[in-house]
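Residue numbers (my numbering): -5 to 359.
Here it is as structure tokens:
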């Protein structure tokens, strides 16, 4: 049995919006005091929900989060209240969670790999039925400068003899947004960056093309990382974080079919002194269990929340005005997709405050 790409575009339903409440900022480890996700071209967000260990499990009951955290300036975590959950109430019967050693290497012969270090083990989540694979790992910037990562990093699965038995591409980073250009004229933004001394999470999903038997006897993962150091005047932290508000998980969604029986609802608030545009390209939406194993990976979109076609959106739909402007995003989910019980939802946004329209904002990335 082999892990393969998802077979068809997912027809699923999960809304994401956050209502007003103050939130605190955390450090790079995600330890905040209130308030803080992805089709990256490798098959994320596709699947038929089969192989879930005897059909669709019971869905988590309605709840509202109160522990919402900011990681850096564009990653937001929403932690389920005590005893509550996202997705399924129990893990699928054939779910496998596996720790694995990560060996980082410079991509294309890169020589700057000594600027980072892996924190702990990597985390694999997959089903013994072999339909799909999730990957997560933590990486720390041990240099004196901001490091910005490419979104096409590659994980090579190696056996005990250091032979490759499979590969997972498009490993991305839940990183911060920095400007790598002229802030006055037209900045170029990087949203997969790690400030000096801080830790962020790498993740990936999709068709690893690796047999489940090989996963059981896996030796280590060789992770080819491509990143650059931002130095001097271009090393500018930008923009400021929005305020994440409460996230509401509910299974009582009016007008939803039995295949889409749940929703997660909320809003982002801009309390900065500048108007902020949201880039429409993608909002990564991830769900993790209490041990930070990835249980779900998809995209959230403005048009799904507004229930309109993308072509009908206008600039104002992407605009958060200064000192109180709000933005809501959503995504449609299929109830059988969650691998197991999740305790945390994570959204990775792309915003910019130097654009004249959402098209300009989108172009900057």
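Here a beta-carbon is modelled for each residue, glycine too, at the ideal position from N, C-alpha and C.
Note that the structure is predicted; figures quoted are calculated from it, not measured.
- Beta-carbon to beta-carbon, residue 282 and residue 340 are separated by about 7 Å, close enough to satisfy the 8 Å threshold.
- In the displayed model, residue 352 falls within a helix according to three-state DSSP.
- If you draw a straight line from the Cα of residue 278 to the Cα of residue 331, it comes to about 16 Å.
- Under the three-state reduction of DSSP, residue 291 is assigned to strand.
- Checking the DSSP bridge columns, you'll see residue 111 partnered with 134.
- For residue 143, the pairing in a beta bridge is given by DSSP as 221.
- Taking 8 Å as the cut-off, the beta carbon of residue 109 is found closer than this to the beta carbon of residue 135.
- Between the stretch 93 to 103 and the stretch 61 to 80, the count of Cβ pairs shorter than 8 Å is below three; the stretches do not touch.
- Assignment of residue 304 by DSSP, reduced to helix, strand and coil, places it in the helix class.
- Going by DSSP, residue 311 is part of no alpha helix (DSSP H) at all; its letter is neither H nor E.
- No residue range can be given for residue 192, since it is assigned to no beta strand (DSSP E) and is classified by DSSP as neither H nor E.
- Inter-residue distance for residue 347 and residue 209 is about 44 Å (C-alpha atoms, whole angstroms).
- The secondary-structure analysis by DSSP pairs residue 216 across a beta bridge with 97 and 150.
- The three-state reading of DSSP puts residue 184 in strand, counting E and B together.
- Residue 269 holds the alpha-carbon nearest to the alpha-carbon of residue 349 among 186, 190 and 269.
- Straight across, the Cα-Cα distance linking residue 64 with residue 261 is about 14 Å.
- Ranking 155, 223 and 236 by CA distance to the CA of residue 318 puts 236 first.
- Judged by DSSP in its simplified three-state form, residue 208 adopts helix.
- Sequence-distant Cβ neighbours of residue 107 in its own chain, meaning closer than 8 Å and more than five residues away, are 98, 99, 100 and 219.
- The Cβ atoms of residue 72 and residue 238 sit closer than 8 Å to each other.
- Closest by C-alpha distance to residue 132, out of 74, 197 and 185, is 197.
- Counted as a single uninterrupted DSSP element, the beta strand (DSSP E) harbouring residue 278 occupies residues 277 to 282.
- Between the C-alpha atoms of residue 115 and residue 169 there is a straight-line separation of about 19 Å.
- A distance of 8 Å or more separates the beta carbons of residue 199 and residue 284.
- For residue 87, the secondary structure class from DSSP, reduced to helix, strand or coil, is coil.
- DSSP lists 89 as the beta-bridge partner residues of residue 121.
- In this structure, residue 245 lies near residue 56, with their beta-carbon atoms less than 8 Å apart.
- It is roughly 31 Å from the alpha-carbon of residue 167 to the alpha-carbon of residue 52.
- Within the same chain, 97, 99, 150 and 152 come within 7 Å of residue 216 by CB-CB distance, once the 5 residues on both sides are set aside.
- Out of 69, 58 and 354, the CA that lies nearest to the CA of residue 195 is found in 69.
- Residue nearest to residue 240 within the set 221, 154 and 263 is 263 (criterion: CA-CA distance).
- Residue 352 and residue 343 have their alpha carbons spaced roughly 14 Å apart.
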